[in-house]
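Read through the structure below, which is laid out as structure tokens, and then see the notes.
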Amino acid sequence: MIFSSSSSTRSHETGSVFILVLTICFGLVTLALYFGQSMTFEVRGAANRVSAMESDQVLLGASRYATFVLATYATNGAIPNPLDYDSEGVTVGDGKFWFIGRTNNTTVNPIAPTFGLVDENSKLNLNTVTAAMLELLPGMTHEFAAAIIDWRDADATVSDGGAEDDVYQRLSPPRKCKNAPFESVDELRLVYGATLEILYGEDANQNGFLDPNENDGNVLSPEDNKDGRLDPGICEYLTVHSRQSATMANGTNKTEVSSVNAIRSLLTQSLQAARANAIMAALGPRGARSVLEFYALSGMTVQEFQTVEAQLYSTNSMAVSAVNVNTAPEAVLACIPGISLDKASALVNYRASNPQILATVAWVKEVLDTATIQAAGPYLIGQSCQFTADIAAVGEYGRGFRRTRFIFDTSQLAPVILSRQDLTYLGWPLGSKIHDQLLKKDIR
Ligand SMILES: [Ca+2]
Ligand SMILES: [Ca+2]
Ligand SMILES: [Ca+2]
Ligand SMILES: [Ca+2]
Numbered sequence: 004m005i006f007s008s009s010s011s012t013r014s015h016e017t018g019s020v021f022i023l024v025l026t027i028c029f030g031l032v033t034l035a036l037y038f039g040q041s042m043t044f045e046v047r048g049a050a051n052r053v054s055a056m057e058s059d060q061v062l063l064g065a066s067r068y069a070t071f072v073l074a075t076y077a078t079n080g081a082i083p084n085p086l087d088y089d090s091e092g093v094t095v096g097d098g099k100f101w102f103i104g105r106t107n108n109t110t111v112n113p114i115a116p117t118f119g120l121v122d123e124n125s126k127l128n129l130n131t132v133t134a135a136m137l138e139l140l141p142g143m144t145h146e147f148a149a150a151i152i153d154w155r156d157a158d159a160t161v162s163d164g165g166a167e168d169d170v171y172q173r174l175s176p177p178r179k180c181k182n183a184p185f186e187s188v189d190e191l192r193l194v195y196g197a198t199l200e201i202l203y204g205e206d207a208n209q210n211g212f213l214d215p216n217e218n219d220g221n222v223l224s225p226e227d228n229k230d231g232r233l234d235p236g237i238c239e240y241l242t243v244h245s246r247q248s249a250t251m252a253n254g255t256n257k258t259e260v261s262s263v264n265a266i267r268s269l270l271t272q273s274l275q276a277a278r279a280n281a282i283m284a285a286l287g288p289r290g291a292r293s294v295l296e297f298y299a300l301s302g303m304t305v306q307e308f309q310t311v312e313a314q315l316y317s318t319n320s321m322a323v324s325a326v327n328v329n330t331a332p333e334a335v336l337a338c339i340p341g342i343s344l345d346k347a348s349a350l351v352n353y354r355a356s357n358p359q360i361l362a363t364v365a366w367v368k369e370v371l372d373t374a375t376i377q378a379a380g381p382y383l384i385g386q387s388c389q390f391t392a393d394i395a396a397v398g399e400y401g402r403g404f405r406r407t408r409f410i411f412d413t414s415q416l417a418p419v420i421l422s423r424q425d426l427t428y429l430g431w432p433l434g435s436k437i438h439d440q441l442l443k444k445d446i447r
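Each step along the sequence shown adds one to the number in my numbering, with nothing skipped, and position 220 is 223.
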């Protein structure tokens with residue numbers, strides 16, 4: 004019995020040691036797995052950080068490329084032709100970038116990305132646009148248009164339906180009405196009555212086309228009408244950066260179109276004296292109030308007009324920040340005095356079917372009658388000096404996504420960056436097709 008008891012104790016001890024060894028082994032394996040997984044996360048994290056740094060460098064390279072494109076193709080108010088430069092999946096080192104663009108043909112419903120630089124002069128200038136023009140924008144209300152004017156005007160007089168200091172003081176927390184010009188379009192968020200719906204509409208990620216969550220009703224933010232068409236907010240059509248240049252690229256001053264003497268002098272230099280006299284006679288003693296009116300009244304041929312067009316300028320306050328009739332979407336053109344929705348649509352259709360005409364504004368005379376040109380002329384131009392490069396960038400294997408919107412001014416000798424805004428927080432802007440292509444290449 005004693006022997007039997009000792010044998011049983013040894014057997015128990017062996018069992019205990021075995022369990023102890025098993026426990027230790029299990030612990031070690033757990034530790035090894037934990038460290039293994041932790042190192043995997045560390046490696047992935049490091050790879051993502053490297054990709055993010057790559058993306059930052061790609062962004063920098065893309066902004067320099069945009070500067071080059073504008074310096075080469077955007078002199079004297081010209082619009083760079085998207086066929087002359089790369090804007091889609093451009094390779095920089097191991098990364099890539101895209102210029103997120105807008106379609107020039109607004110009769111087409113955008114359901115996929117467009118690539119290219121965006122003309123800021125295709126939009127209404129928030130600091131000069133009138134309340135009546137603002138009210139014609141899609142989704143705009145009379146009250147919000149009035150509040151926008153009150154926000155930027157220096158006085159404290161409340162416009163009909165608008166808001167000045169007393170309204171802002173009643174808010175929680177109270178704030179003051181700015182009573183000074185807008186510095187960015189996003190500043191509209193501070194204006195009384197602003198909602199994300201009015202400002203950004205269905206285009207929550209501000210990429211200019213319909214993403215799945217922008218066409219699913221209330222399933223995912225934003226709320227949309229699920230009609231298969233993109234209904235953007237007013238920010239799509241507004242800028243604070245459009246500004247005509249008073250000088251040519253070579254530094255010479257442009258000619259004020261309403262000055263009869265200055266126009267006579269320009270025409271005499273550019274054309275035969277007899278022809279210049281005939282044009283001055285056609286213009287009459289009053290001259291023209293806008294470049295378009297000048298062309299409509301002058302009786303010039305398109306070729307004659309093109310020899311002087313780039314040198315013409317108007318210091319009229321609306322003309323300085325006027326809309327480029329060659330690039331503006333239908334919704335913007337419809338806000339211009341004298342142009343209703345049907346004439347805006349006629350302009351866009353004519354432009355879309357005659358893409359070769361856009362080097363001059365002369366074509367507008369084929370669509371609008373002289374009376375409409377006289378009313379709309381001061382608000383329309385054919386040149387642009389500010390452009391947006393809305394850049395999406397990724398590093399190696401499509402990782403480290405970044406998006407930054409640069410706005411350039413080309414009125415000086417070299418393009419200058421006016422503003423730089425990080426939009427990475429809005430999420431992936433290039434649709435599922437490009438996303439899936441990048442994922443397939445991510446072999447890690
Ligand atoms: Ca005010
Ligand atoms: Ca969108
Ligand atoms: Ca939705
Ligand atoms: Ca819709």
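Even for Gly, the Cβ is constructed at its ideal location relative to N, Cα and C. Because the structure is a prediction, the values reported are computed rather than measured.
Item                                                                                                                                                                                         : Value
Roughly how many angstroms separate the alpha carbons of P85 and I201, rounded to a whole number?                                                                                            : 30 Å
Report the rounded CA-to-CA distance for D87 versus G96, giving the unit in angstroms.                                                                                                       : 22 Å
Identify whether R267 lies in helix, strand or coil by the three-state DSSP scheme.                                                                                                          : helix
Using CA atoms only, rank isn't needed, just tell me which of A331, A197, L269, A77 is closest to Y382.                                                                                      : A331
Cα-Cα, which of S293, M143, G403 is closest to V335?                                                                                                                                         : M143
Among the candidates D189, K126, D59, G302, whose CA atom is the shortest distance from the CA of S245?                                                                                      : K126
Going by other Cβ atoms of all chains shown within 10 Å of its Cβ, with 16 needed for buried, is M42 buried or exposed?                                                                      : exposed
Just the Cα atoms here: how many angstroms apart are Y428 and K368?                                                                                                                          : 44 Å
Taking F297 as part of the alpha helix (DSSP H), name the residues at either end of that continuous run.                                                                                     : 294-301
Who pairs with G398 in a beta bridge, going by DSSP?                                                                                                                                         : Per DSSP, none; premise fails for G398.
If we ignore side chains and look at the alpha-carbon of each, how far apart do L62 and P418 end up?                                                                                         : 17 Å
Please say whether Q389 and D3 have beta carbons closer to each other than 8 Å?                                                                                                              : Any property of residue 3 remains undetermined from this structure, which presents the chain solely from 4 to 447.
Taking only three categories from DSSP, how would you classify F185?                                                                                                                         : coil
Taking 8 Å as the cut-off, decide whether the C-beta atoms of L295 and I282 are in contact.                                                                                                  : no
Pick from R278, Q272, S301, R292: whose alpha carbon is nearest that of A285?                                                                                                                : S301
For ligand 1, any of its heavy atoms closer than 7 Å to the Cβ of D163?                                                                                                                      : no
Which first and last residues belong to the alpha helix (DSSP H) in which F118 is found?                                                                                                     : Per DSSP, F118 belongs to no alpha helix (DSSP H) and is neither H nor E.
On the three-pair Cβ rule with 8 Å, is the stretch 212-231 touching the stretch 255-273?                                                                                                     : no
Going by DSSP in three states, R192 sits in which element: helix, strand or coil?                                                                                                            : helix
Give the single residue among T133, D122, G80 whose Cα lies nearest to the Cα of A313.                                                                                                       : G80
Could you check what DSSP says for D425 in three-state terms: helix, strand or coil?                                                                                                         : strand
Near I360, which residues of its chain fall below 7 Å by C-beta distance, leaving aside the five closest residues on each side in sequence?                                                  : W366
Determine the DSSP secondary structure at R155, reduced to helix, strand or coil.                                                                                                            : helix
Can you tell me the Cα-Cα spacing of N128 and D122, whole angstroms?                                                                                                                         : 12 Å
Where R354 and L344 are concerned, what is the direct C-alpha to C-alpha distance, given to the nearest angstrom?                                                                            : 15 Å
Tell me whether the beta-carbon of L120 lies closer than 8 Å to the beta-carbon of T310.                                                                                                     : no
Verify whether the separation of the beta carbon atoms of Y298 and F308 is less than 8 Å.                                                                                                    : yes
Output yes or no for whether 8 Å exceeds the beta carbon distance between W431 and F409.                                                                                                     : no
Count the other C-beta atoms from every protein chain shown that fall within 10 angstroms of the C-beta of Q209, then say buried if there are 16 or more, exposed otherwise.                 : buried
Between which two residues does the alpha helix (DSSP H) containing F308 stretch?                                                                                                            : 305-311
Starting from the C-beta of V305, find all residues in its chain whose C-beta is less than 7 Å away, skip the five residues before and the five after it, and write them out in chain order. : T363, A365
Output needed for E57: all residues of its chain with C-beta closer than 7 Å, excluding positions within five of it in sequence on either side, in chain order.                              : G96, D97, G98, G398, E399, G403
Given this structure, state the Cα-to-Cα distance separating P177 from D206, to the nearest angstrom.                                                                                        : 30 Å
Using a Cβ-based criterion (distance less than 7 Å to any ligand heavy atom), does P235 qualify as near ligand 3?                                                                            : no
Any heavy atom of ligand 5 inside 7 Å of the beta-carbon of S224?                                                                                                                            : For the structure depicted, ligand 5 is absent and the ligand set comprises only ligand 1, ligand 2, ligand 3 and ligand 4.
Smallest Cα separation from D425: which of L433, I437, T407?                                                                                                                                 : T407
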